[in-house]
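Visitor: One structure is given below, represented as structure tokens, and several questions about it will come after.
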Amino acid sequence: LGKMTLIRLQIVWGIAVGHSHGSLIVPFPRNAVDSLLPQWSDGKHPDTGSIQPYNCRCTNGSSVCNNGQACFWFSQGCTPGCARCDGDGSRIPNFDHCPGESLPPTVNDPKHRTVNQAAEAGSHADFTKYNPWRAPGRAPVFDSCGMAGGSVVEVFNAGAYNKTKFAKQGDLGSAVLPKQPSGSVWVRGSTVTARWQNTAKHGGGYQYRLCPLGEPLTEACFQNMPLKFATPDRHTV
């Protein structure tokens, strides 16, 4: 649960969560569109994929958590500094997806590294140094709204998406996800509440971002308008 001060109205929501399985719950996001279908309605969370079946099961306080396959809209194989993602989500320590192009980590303080904190930053023992959350804003993405399944074909480590009338594996969120009401009304300058889920605990951090309606839904647009947390030193988990 996060609270932040609203800085602009008429927006498209985005949340950056380190390119892992997570999703926005409040306000209701576009990539939860499958919750409108019977298979995912009323809090149902059937498994997605056949190689390593997984789901986006979540909680939303006392309310039913309807988020469909929202946690499967992401990007895999994205090392900071690379020109593009390669779709390979293999869990290999020290996996550099573009040797010679990658950038060194910028998040090196042990208190900000959620795993392997005792390792010397940048050393071989620092096996997460090529992960996107170690250099925020410097890793590429397939799409600012995610790719269905995280890659163009289903892969291991829950890189899948069950085809529906809305999307199929490899589709880009900014191109296929329909606009729909978020169920939230915000007033400029007020403190508002947002909620997201972390389905797969890979480590890292998160940030809420906005992109004005009418603008292309690019990563640059979202990066240009991050929201400030109303209580930056305290978050409810």
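Under UniProt numbering, the first residue of the sequence shown is numbered 1, with each subsequent residue one higher.
The beta-carbon is built from N, C-alpha and C at its ideal position, and this holds for glycine as well.
Pick helix, strand or coil for Cys211, following the three-state DSSP scheme.
Guide: Strand at Cys211.
Visitor: What first and last residue would you give for the alpha helix (DSSP H) that runs through Gln223?
Guide: Glu219 to Gln223 is the extent of the alpha helix (DSSP H) around Gln223.
Visitor: Taking contact to mean 3 or more Cβ pairs, one atom from each stretch, closer than 8 Å, check whether the segment 45-57 and the segment 140-157 are in contact.
Guide: Counting Cβ pairs under 8 Å, three or more are found: they touch.
Visitor: Apply the 10 Å Cβ neighbour rule to Asn224 and answer buried if 16 or more other Cβ atoms are within range, or exposed otherwise.
Guide: Exposed, because fewer than 16 other Cβ atoms sit within 10 Å of the Cβ of Asn224.
Visitor: Give the secondary structure of Thr151 by DSSP, where H, G and I count as helix, E and B as strand, and everything else as coil.
Guide: According to the sequence provided, residue 151 is Ser. The question's Thr does not apply to it. Of the three classes helix, strand and coil, the one that applies to Ser151 here is coil, per DSSP.
Visitor: Contact between the segment 63-77 and the segment 160-177 is defined here as three or more beta-carbon pairs at a separation below 8 Å; is this criterion met?
Guide: At 8 Å Cβ cutoff, the stretches touch.
Visitor: Whole angstroms is fine: what's the gap from Pro132's alpha carbon to Thr79's?
Guide: Roughly 6 Å separates the two Cα atoms.
Visitor: Nearest-angstrom Cα distance between Ile210 and Ser123?
Guide: Per the sequence shown, the amino acid found at residue 210 is Leu instead of Ile. Approximately 35 Å, taken between the alpha carbons.
Visitor: Here's a check: name, in chain order, each residue in its chain whose Cβ is nearer than 6 Å to the Cβ of Thr106, leaving out the five neighbours to either side.
Guide: Ala135.
Visitor: Inspect the beta-carbon positions of Ser56 and Thr199 and report whether they are closer than 8 Å.
Guide: Per the sequence shown, residue 56 should be read as Cys rather than Ser. Cβ atoms of Cys56 and Thr199: closer than 8 Å.
Visitor: Give every residue of the same chain whose Cβ lies closer than 8 Å to the Cβ of Cys145, excluding the five residues on either side of it in the sequence, and list them in chain order.
Guide: Within the same chain, Cys145 has close Cβ partners Gly14, Arg30, Asn31, Trp73, Leu172, Gly173, Ser174, Leu177 and Leu217.
Visitor: Measure from the alpha carbon of Ser151 to the alpha carbon of each residue in Ala139, Leu24 and Gly170, then state which is nearest.
Guide: Looking at the Cα atoms, Gly170 is the closest of the given residues.
Visitor: Suppose only complete runs of 3+ residues qualify. What are the beta strand (DSSP E) ranges in the segment 31-92, listed by chain order?
Guide: Listed in chain order, there is nothing to give.
Visitor: Report the CB separation of Val33 from Gln180 in whole angstroms; it is logged as a contact under 8 Å.
Guide: So it is a contact: roughly 7 Å between Cβ atoms.
Visitor: Does the distance from the CB of residue 243 to the CB of Gln76 come in under 8 Å?
Guide: Summary: the structure shown does not reach residue 243, with the chain confined to residues 1 through 237, and so no result is reported for it.
Visitor: Residues bridged to Gly22 by DSSP?
Guide: DSSP output for Gly22 lists Asn198 as bridge partner(s).
Visitor: Please report the distance separating the alpha-carbon of Leu227 from that of Asp42.
Guide: Straight-line Cα distance between these residues: approximately 30 Å.
Visitor: From Phe142 to Cys221, what does the alpha carbon distance come to, in whole angstroms?
Guide: Looking at the two C-alpha atoms, the distance is approximately 15 Å.
Visitor: By Cβ distance, which residues of its chain are closer than 7 Å to Gly149, with the 5 residues on each side in sequence left out?
Guide: Excluding sequence neighbours, Gly149 sits near Phe72, Gly159, Ala160, Tyr161, Gln169 and Gly170.
Visitor: Can you give me the C-alpha to C-alpha distance between Ser102 and Gly81, rounded to a whole angstrom?
Guide: Distance between the alpha carbons of Ser102 and Gly81: 4 Å.
Visitor: Using the beta-carbon count (16 or more within 10 Å), is Ala139 buried or exposed?
Guide: Per the 10 Å Cβ criterion, buried.
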